[in-house]
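Just so you know, the sequence shown maps onto residues 3 to 116 in our numbering. A quick write-up on the structure given underneath.
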Amino acid sequence: MSEINQNEVKKPTKFFGLSRNVISMGAVSFLNDLSSDMIFPFIPIFLTSVLGASTAFVGLVEGIADATASILKVVAGRLSDKWGVRKPFTVFGYSLSAIMKPLLAFTTAPWQVL
């Protein structure tokens, strides 16, 4: 008879040498990037053709979006380093992205895209 050691930790299942968490995060990141790459090329067309925005406004939207993303990356990175947690920031970011993209379909004015 063999004794079960209570201190042994069950090793996570590996798939191609990667843990389940790495595979899951890779899949979520891939799907998020895929959905972004499918939607974002059409935003300028949507803004100008459907919502009647000017090309200057489209540039403003793109600039604000890039600036906001850059600032949030720095702030979230500093906070996650300070607090020592990464998961809440990751879950919040991917959740916010998943919630906001479908809401673009309900915009009726150009300023709502901001």
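Quick reminder that beta carbons are idealized off the backbone N, C-alpha and C, glycines included.
Task: Helix, strand or coil at F18 according to DSSP, with G and I counted as helix - done: When DSSP states are grouped into helix, strand and coil, F18 belongs to the coil group.
TODO: Check whether the Cβ of L105 lies closer than 9 Å to any Cβ atom in chain D.
DONE: Looking at the structure shown, chain D is missing, and only one protein chain is on hand.
Open item on the list: Mapping the DSSP letters down to three states, classify G86 as helix, strand or coil.
Closed with: Looking at G86 - three-state DSSP - the assignment turns out to be coil, as it is neither helix nor strand.
- [ ] Mark L116 as exposed unless 16 or more other C-beta atoms lie within 10 angstroms of its C-beta, in which case mark it buried.
- [x] L116 should be labelled exposed.
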